[in-house]
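Trainee: Heads up: the sequence shown begins at 178 in this note's numbering, then just goes up one per residue.
What follows is a single structure, and I will ask about it in a moment.
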Amino acid sequence: MAYVLVTGGAGYIGSHACKALKAAGYTPVTFDNLVTGWRDAVKFGPFEQGDLLDRVRLDSVFAQYEPIAVMHFAALSLVGECMLDPGLYWRNNVAGSLNLIEAAVAAGCLNFVFSSTCATYGDQDNVVLDEDSAQMPINAYGASKRAIEDMLHNFETAHGLRHVIFRYFNVAGADPDGEVGEFHRPETHLVPLMLDAIDGKRDALTIFGTDYDTPDGTCIRDYVHVCDLVEAHVLGLKWLSDERGSRVFNLGTGTGFSVREVVDQSHAVTNRPVPCHEGPRRPGDCTKLVSGSTRAMAELGWNPHRSTMKQMITDAWRWHQSGHYEA
Ligand code: UFG
């Protein structure tokens, strides 16, 4: 059995990755401490509850399954929280990843796929962001992810740890079959907050800033459907097994949507009004974050065909209406 150890497999992106791995013939082993993940989201392979800071537990899971690769999604990722408590991010994300990487190397598992972020580029408004752009994170979350990227390079030099790093832009949507979806507590992301507002589960959406230097005054982001995103990870595994060398890929489509465009599309898809009002800018938000790179498409053969705003909202709305995990 070709096991892949999926840290954070009970979370939003990790659970979709497990489904994609299973469809591709692998057996995903979810390793998750359930601090931000959901037991109900583990549906596609074995579950091992554990914390990345527990090296003994990690060693025993590596020994039990002898995975051919690691996909590392587990991380804290709230920008607001990391500003208040950076230690949490350095301990959980960086020290936790160091444990995981050392355990993988000790077990001889030398294929590693890492979930990084465009937050490692920092606040570079209106700059085309490709994989060679300078990494200047402005918060502990982005800094923690950049540190893990550095760690992977060092462990490759010393121990031959082959790795693929994916720097995500904004992830949205849900499994079209409705088996897994996006469910955070607390929720801070635009699409689920907006869908909650549409069906009255929350107060009206606040649009954070309408005076940005964009055509309609609201921030622009590059949204990727979660199913397209995880498909890139499966291609990343193939890249590693083909021994094509360690590589960094941005995962964005190169198309930006403003907050107002997302709101308008949600109105069109749900056929319901979107209760929203305009508010001040949210500290730390960049005007425009859009990937300027087509490397993943050119080199991995990645085809993000589901990443239209209509499809992402349609799938997120279906999931939103069909139920959530047990909180
Ligand atoms: N937004 C609103 N109102 C809300 C929530 C969001 O107007 O209630 C706006 C934001 O200002 C932003 C856009 O919607 O312009 C998207 O915001 P999200 O919070 O959904 O996503 P971010 O772009 O802030 O964050 C994403 C990831 C982070 C990552 C960051 C990198 O979710 O993990 O990109 O820049 F750090």
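For every residue, glycine included, the Cβ atom is placed at its ideal position computed from N, Cα and C.
Secondary structure at ALA515, three-state DSSP: helix, strand or coil?
Mentor: Since the first and last residues shown for the chain are 178 and 504, residue 515 lies out of range.
Trainee: Could you give the distance in angstroms between the alpha-carbon of LEU372 and the alpha-carbon of VAL446?
Mentor: 11 Å
Trainee: Which residues have a Cβ closer than 6 Å to any heavy atom of the ligand UFG, listed in chain order?
Mentor: The set of residues with a C-beta under 6 Å from any non-hydrogen atom of the ligand UFG comprises SER254, VAL256, THR294, CYS295, ALA296, TYR318, ASN347, THR365, HIS366, LEU367, LEU370, LEU382, THR383, ILE384, PHE385, CYS396, ARG398, VAL436, ARG459, ASP462 and LEU466, given in chain order.
Trainee: What's the gap between the Cα of LEU370 and the Cα of PRO460?
Mentor: 18 Å
Trainee: Give the range of the beta strand (DSSP E) segment to which THR204 is assigned.
Mentor: Where THR204 is concerned, the enclosing beta strand (DSSP E) stretches over 204 to 209.
Trainee: Confirm, please, whether the CB-CB distance from ASP462 to CYS396 is below 8 Å.
Mentor: Yes; because the gap between Cβ atoms is below 8 Å, this pair is in contact.
Trainee: How is the alpha helix (DSSP H) around GLN442 delimited, first residue to last?
Mentor: 436 to 447
Trainee: What residue from LYS199, ALA179 and MET178 has the CA that sits closest to GLY186's CA?
Mentor: Relative to the Cα of GLY186, the nearest Cα in the group LYS199, ALA179 and MET178 belongs to LYS199.
Trainee: I need the straight-line Cα distance from CYS404 to ASP236, nearest angstrom please.
Mentor: 30 Å
Trainee: Hey, VAL181 and TYR203: beta-carbon distance below 8 Å or not?
Mentor: yes
Trainee: Of all the beta strand (DSSP E) runs that stay within the bounds of the region 323 to 379, which reach a length of 3 or more residues?
Mentor: 339 to 345 and 347 to 349
Trainee: DSSP state of GLU225, grouped into three classes?
Mentor: strand
Trainee: Mind checking which residues open and close the beta strand (DSSP E) that includes ARG424?
Mentor: 424 to 428
Trainee: Which partner residues does ILE397 have in the DSSP bridge list?
Mentor: SER435 and LYS465
Trainee: Apply the 10 Å Cβ neighbour rule to THR213 and answer buried if 16 or more other Cβ atoms are within range, or exposed otherwise.
Mentor: Buried, because 16 or more other Cβ atoms sit within 10 Å of the Cβ of THR213.
Trainee: Distance, Cα to Cα, SER423 vs PHE291?
Mentor: 11 Å
Trainee: Distance check for PRO244 and VAL467, CA to CA, integer angstroms please.
Mentor: If you take the alpha carbons of VAL467 and PRO244, they lie about 35 Å apart.
Trainee: State the start and end residues of the unbroken alpha helix (DSSP H) segment that holds SER310.
Mentor: Per DSSP, SER310 belongs to no alpha helix (DSSP H) and is neither H nor E.
Trainee: Using a Cβ-Cβ cut-off of 8 Å (strictly less than) and excluding sequence neighbours within five positions of ILE384, which residues of its own chain qualify?
Mentor: THR395, VAL436, ARG437, VAL440, CYS453, HIS454, GLU455 and GLY456
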